[in-house]
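Structure, as structure tokens:
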Amino acid sequence: MATLRELKGRIGSVASTEKTTSAMKMISSAKMHKFTGMVHRLQPYRGMVRDVLSHLLVTDQEFSSPLIESRDVNNVAVVVFGSDDGLCGAYNINIFKKLLSSISDLRQRYGNNVKITLLPVGKKMVKAVSKIEGGNIKVEVVEYLNTRSTMEQLSDFTELLRSRFVDHVYDRVDVAYMRFVTTSRQVMHFEQLLPLSAEALAKDIDPKEACSPCIFEPDANSIFNSVLPLHLRSTMQEVFVDRKSVV
């Protein structure tokens, strides 16, 4: 049986641990509110960019861009967002399981010889994906990009993906991340980033509303090609901030 002194020591230890965890909770809560606010501030900008593209696409103009070019897929890049730290439950495990499932789907769709480049973000995900590297799976770590990177660094990374797609280094670019729904609910999301789908961009616009007479200056295709990279960048920003709202 424990002595009175030992019991008092245990009580003091528990009280000290409670103070530490309470402080951690407060810091995490403050961070979550900060990044949730960033998500809400990004949505109007992304919505405006999407509306411009959608209204252009439902007109009778013809558009062309290397970013909407569909081609035979031999090389796929998958950007997978994880965390740098632990203490987040099954967060990284669930992302990794979805990644494995998605790799299997890609092989079924494009054949077992399709080359897959994984670009992990976050120390935990870098460690996890290194276990499956080999064969047709390559892991590339972008040193300047992590869970604490700035928006300028994220823009540089987005430009890297865009240029590699345009140069046919990648034929398709996907992104895997945990999407924030509420503080108690997050949904694993795996979506195609490139090539951009013109049909998906135009599907939410009412043609009657969008087809009013317009004068484009410069021409519509030039505007389209100017706005497409903004849409790509805003999508990556939303993914990045959305993920930070979860961990």
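For any residue, its number in this note's numbering is found by taking its place in the sequence shown, counting from 1, and adding 1.
Idealized CB from N, CA, C, for every residue including glycine.
Give the straight-line distance between the Cα atoms of residue i and residue j, rounded to the nearest whole angstrom.
i	j	result
Asp106	Leu119	15 Å
Ile117	Asp172	10 Å
Asn113	Ile104	10 Å
Leu54	Leu197	11 Å
Met152	Gly10	48 Å
Gly48	Thr18	45 Å
Pro128	Gln109	Here residue 128 turns out to be Lys, not Pro, going by the sequence shown. Roughly 26 Å between the two C-alpha positions.
Asn75	Val59	31 Å
His169	Asn93	31 Å
Val142	Asp73	26 Å
Ser164	Val77	14 Å
Ala91	Val130	16 Å
Pro219	Asn226	11 Å
Glu134	Asp52	40 Å
Thr21	Ile12	14 Å
Ser156	Asn222	23 Å
Arg6	Ser14	12 Å
Tyr145	Thr4	54 Å
Tyr46	Ala16	46 Å
Met179	Val188	6 Å
Ala24	Ser102	37 Å
Lys139	Tyr111	17 Å
Thr159	Met237	7 Å
Which one of the options has the shortest CA to CA distance from residue i?
i	options	result
Lys124	Phe82, Leu155, Thr151, Val170	Phe82
Val115	Val130, Asn137, Ser102	Asn137
Gln62	Val50, Ile224, Val242	Ile224
Ser71	Glu200, Ser14, Arg180	Glu200
Ala241	Lys132, Ile12, Arg149, Arg51	This sequence places Phe at residue 241; Ala is not what is there. The residue with the shortest Cα to Cα distance from Phe241 is Arg149.
Leu202	Ala16, Arg180, Leu233	Leu233
Is it true that the CB of residue j sits closer than 9 Å to the CB of residue i?
i	j	result
Val79	Leu57	no
Leu231	Leu68	no
Met126	Ser84	yes
Gln154	Val174	no
Val122	Asn147	yes
Phe166	Ala177	no
Leu161	Leu195	no
Applying the criterion that 16 or more other CB atoms from any shown protein chain within 10 Å of the CB defines a buried residue, is residue i buried or exposed?
i	result
Phe97	buried
Leu8	exposed
Ser235	buried
Met27	exposed
Phe217	exposed
Val249	Look at the range of the chain in this structure, 2 to 248, and you will see that residue 249 is not part of it.
Val247	Residue confidence is low: Val247 scores 49 on pLDDT, short of 50, so the model does not pin down where it sits. Its coordinate-derived value is still stated next. Buried, since its Cβ has 16 or more Cβ neighbours within 10 Å.
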